[in-house]
Amino acid sequence: MTLSPTEISARTRALCALAPIVPVLVVDDVSVAQPLAQALVAGGLPVLEVTLRTPAALDVIREMSQVPGGHVGAGTLLTPADVRAAKAAGATFGVSPGATDALLDACEAEELPLLPGAATASEAMRLFDRGYDMLKFFPAEASGGAPALRAIGAPLPQISFCPTGGVSPDNAPSYLRLPNVLCAGGSWVAPGALIAARDWAGIETLARSAAQLRGSA
Ligand code: 3PG
1 MTLSPTEISA RTRALCALAP IVPVLVVDDV SVAQPLAQAL VAGGLPVLEV TLRTPAALDV
61 IREMSQVPGG HVGAGTLLTP ADVRAAKAAG ATFGVSPGAT DALLDACEAE ELPLLPGAAT
121 ASEAMRLFDR GYDMLKFFPA EASGGAPALR AIGAPLPQIS FCPTGGVSPD NAPSYLRLPN
181 VLCAGGSWVA PGALIAARDW AGIETLARSA AQLRGSA
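So for the sequence shown, this note's numbering puts the first residue at 1; every next one is plus one.
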C-alpha cells in the first residue's frame with residue numbers, strides 16, 4: 001500500500017488546522033518527553049514536531065506518542081532511513097526542511113503524512129506538480145517572511161503553508177493573517193531553559209498564549 005501525495009496533503013492539512021502553532025521540539029532527555037508533551041497539549045497545542053537532531057529523538061517520539069490528545073511527528077526528515085525510523089517510533093507525520101524524490105517516495109511508501117519544505121515558487125510548484133498542496137515555508141523569516149509568502153500566494157493560491165524558521169510571538173500574527181497560511185511552526189513555546197528546569201507550568205503558559213495567536217491576528 002502507498003499513500004498518494006493528495007491523501008498525504010489532506011492529512012497534513014487536517015493536522016495543521018488543529019492549532020495555530022506547531023511546537024518545534026529539540027529534546028535531549030527522554031525523561032522529559034511525556035511531561036513536556038502533556039504541558040503543550042494542555043496549553044492547546046496538540047500537534048508536536050520532534051526534530052531528529054538529538055540521539056534521544058526517536059525515543060522521545062515513542063514516549064510522547066503515549067500522551068492522550070497529542071499528534072506527534074518527526075522533524076528534520078532528510079532520508080528514507082529517517083522516514084522508516086520515524087514511522088517505527090510511532091510518528092504520525094513528518095516534516096522536512098526541503099524535499100527530494102527519495103524522501104517523498106519513502107513517505108508515500110511508508111504511508112507517513114509529510115509536510116515538505118519549500119522556500120521558492122519553483123520549489124512549491126514542483127511539489128504541487130506531484131500532488132502536494134500543504135507545504136512548510138522554510139526558512140520563513142530568512143526567505144522574506146510574511147511579505148514573501150503573501151507574494152508567493154498570489155500566483156499559487158491553491159498551496160497552503162506552515163511557515164517555520166524565525167517565527168516568534170511578535171511576527172506570527174502577520175503570517176497567520178495570510179489566506180495561504182494554516183499554522184506556523186516555532187521553537188519558542190518550549191525553550192531549552194524551561195525544559196531543563198522542568199518548568200511545565202511555564203511551558204503550558206507559553207503554549208496557551210501561542211494557541212490564541214490566531215485570534216489576535
Ligand atoms: C528549526 O529549524 O529548528 C525550526 O525551523 C524552528 O526554527 P525557530 O527556532 O526559529 O522557531
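Here a beta-carbon is modelled for each residue, glycine too, at the ideal position from N, C-alpha and C.
Here the structure is a predicted model, which is why all the values come from computation and not from measurement.
As assigned by DSSP and simplified to three states, the class of residue 215: With a pLDDT of 44 at residue 215, under the threshold of 50, the modelled position of this residue cannot be trusted; read the value that follows with caution. Looking at residue 215 - three-state DSSP - the assignment turns out to be helix.
Any 3 or more C-beta pairs closer than 8 Å across the region 203-210 and the region 37-47: yes
Coil, strand or helix - residue 152 by DSSP: In the structure shown, residue 152 adopts helical secondary structure according to DSSP, grouped into three states.
Extent of the continuous beta strand (DSSP E) run through residue 83: Careful: residue 83 lies outside any beta strand (DSSP E), inside the alpha helix (DSSP H) at 80-89.
Alpha carbon of residue 158 to alpha carbon of residue 133, nearest angstrom: Separation of residue 158 and residue 133 (C-alpha to C-alpha, rounded to the nearest whole angstrom) is 7 Å.
Alpha carbon of residue 215 to alpha carbon of residue 184, nearest angstrom: At residue 215, the pLDDT of 44 sits below 50, so the modelled position is not reliable; the number obtained from the coordinates is stated separately. Near 14 Å, if we compare the C-alpha coordinates of residue 184 and residue 215.
C-beta atoms of residue 62 and residue 89 nearer than 8 Å: yes
DSSP-derived helix/strand/coil call for residue 26: The three-state reading of DSSP puts residue 26 in coil, since its state is none of H, G, I, E or B.
Touch test, the region 18-29 against the region 142-154, Cβ-Cβ under 8 Å, three pairs minimum: no
Selected residue, minimal CA-CA separation from residue 85, among 181, 118 and 111: 111
Helix, strand or coil at residue 21 [DSSP, three-state]: strand
Touching by the beta-carbon criterion (3+ pairs, under 8 Å), the region 168-179 and the region 2-16: no
Span separating the alpha-carbon of residue 123 from that of residue 19: Approximately 26 Å, taken between the alpha carbons.
DSSP state of residue 131 mapped onto helix, strand, coil: coil
Spatial distance of residue 154 from residue 102 (CA atoms): 30 Å
Alpha carbon of residue 217 to alpha carbon of residue 181, nearest angstrom: Any reading at residue 217 needs caution, since the residue's pLDDT is 42, under 50, leaving its predicted position unreliable; the model's value is listed next. One C-alpha to the other measures close to 12 Å.
Cβ-heavy atom distance, residue 200 to the ligand 3PG, below 7 Å: no
Residue span of the beta strand (DSSP E) that contains residue 75, given as start and end: 71-75
Residue range of the beta strand (DSSP E) that includes residue 184: For residue 184, the enclosing beta strand (DSSP E) begins and ends at 184-186.
Close Cβ partners of residue 201 (< 8 Å) along its chain, the five nearest in sequence each way excluded: 39
Cβ-heavy atom distance, residue 167 to the ligand 3PG, below 7 Å: yes
Distance CB(residue 72)-CB(residue 92) smaller than 8 Å: yes
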